[in-house]
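If you're matching positions, the sequence shown starts at 1 in the numbering used here and goes up one per residue.
Here's the structure, in structure tokens; my notes come after.
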Amino acid sequence: GAASTVVIACPSNAVSEESNAALLRSLLSFCKAGSALAGPPPPELSLRAELDELQAHTAEVEAEREMLEEHADTLQALLDKERAEAAQRLEEARAAREQAHDLAVNREQSKLRLERELAEANHGKETALGDVHTRLEEAEAALATIRAERDALAERVATEQSALAAARTDASREIAEAKSEAQRRFQKELQLVSEFQRREVEWQRALLDAGEESQRLRDELAATRDLMRRQLAAYKRATAAMDAEKATDDALLDEATMRLRSLSPKRDQPARSQRSSSHVSLLSPVADKEDPSPPASPSS
1 GAASTVVIAC PSNAVSEESN AALLRSLLSF CKAGSALAGP PPPELSLRAE LDELQAHTAE
61 VEAEREMLEE HADTLQALLD KERAEAAQRL EEARAAREQA HDLAVNREQS KLRLERELAE
121 ANHGKETALG DVHTRLEEAE AALATIRAER DALAERVATE QSALAAARTD ASREIAEAKS
181 EAQRRFQKEL QLVSEFQRRE VEWQRALLDA GEESQRLRDE LAATRDLMRR QLAAYKRATA
241 AMDAEKATDD ALLDEATMRL RSLSPKRDQP ARSQRSSSHV SLLSPVADKE DPSPPASPSS
């Protein structure tokens, strides 16, 4: 009579051994019954449905990966912005400290000049003694002003150090959360691979039990197994790419921590501007680093 086709499909996740065995028995029974009427039905229809579902899951995983990359780029931009602001604040503090040093030098010169004038006044210029006392008072007032400015500068440097430490802590926490999320998704994909391998073993066992099937069915099952092995190889390449991405994230975290530590002010080191420029040159190619491996499809 007329040829009929029946598609038996089930979701790829959360499949028990009993339901899978029942599905295989139903499929074998239908093949035996159909071979007597209209020939064996094409078994690749159910496999095609499962392949479509795996491809949809692959698209979802790819979208999540792109979202994580955009989030990492945003975190890197925020870190660069904080680093630039910290460098600007440190440069302002350095300029203020140099200004205080110049004021101190001027104070010493004024003090020496006043002492010289006082010595000359002691030799016979008694009329200039009042003027010398006035200048000494002005010098002491200038010294008090310089000390007040120095204290204010020290407070400002302490405030900037606290802000820099807080920014570094926030950036480290964000990077750790992103790494944890990527690890969780990676474990989920590994569970899917284990389930796929278990189902492949069950299909092989069912093939041994169905030894009376025709050579055509065996050839089709061999082709299906070859397709599954290719998908498993593609997934292994994807897991290798994810491992490389995780190693890159670890390296980025260590590098960002070292750079943030190098931004802390050190009073006794005069070559800070050269070190800051070296940090800028080191951070510039970070955003250009990409995974050279082609995006593999973790459909399995």
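For each residue, glycine too, the CB sits at the ideal point set by N, CA and C.
- Residue environment for T159: exposed (fewer than 16 other C-beta atoms within 10 angstroms of its C-beta).
- Straight-line measurement puts the Cα of E50 at about 10 Å from the Cα of A56.
- According to the DSSP assignment, L227 belongs to the alpha helix (DSSP H) that extends over 215 to 262.
- Ranking R97, A256, S46 by CA distance to the CA of E155 puts R97 first.
- Distance from the CA of D73 to the CA of A95, rounded to the nearest whole angstrom, comes to 33 Å.
- Within the model, the alpha-carbon separation for A163 versus R89 is close to 11 Å.
- The segment 167 to 176 and the segment 64 to 82 touch, with three or more beta-carbon pairs separated by less than 8 Å.
- Going by beta carbons, L68 and A178 fall inside the 8 Å limit.
- Apart from sequence neighbours up to five positions away, the residues of its chain that approach R135 with a beta-carbon distance below 6 Å are L114, ordered along the chain.
- In this structure, the alpha-carbon of A119 lies about 11 Å from that of L112.
- The alpha-carbon of Q183 is positioned some 57 Å away from that of A104.
- Under a 10 Å Cβ-count criterion, A166 is classified as exposed, with fewer than 16 other Cβ atoms of the shown protein chains found around its own Cβ.
- Beta-carbon to beta-carbon, A87 and L263 are separated by about 7 Å, close enough to satisfy the 8 Å threshold.
- For R261, the closest of R83, Q215, M228 by C-alpha to C-alpha distance is R83.
- In summary, M258 is exposed, with fewer than 16 beta-carbon neighbours lying within 10 Å of its beta-carbon over all protein chains present.
- The beta-carbon separation of E149 and A100, rounded to 6 Å, stays under the 8 Å limit for a contact.
- In terms of Cβ geometry, M228 and E202 do not form a close pair [threshold 8 Å].
- A check of alpha carbon separations from R65 across F186, R116, A176 identifies F186 as the nearest.
- Annotation: F196 to R225 spans about 11 Å, alpha carbon to alpha carbon.
- Pairing R107 with L153 gives a Cβ-Cβ distance that is not under 8 Å.
- Ranked by how close their Cα comes to the Cα of I146, the residues S46, A240, D102 have D102 in first place.
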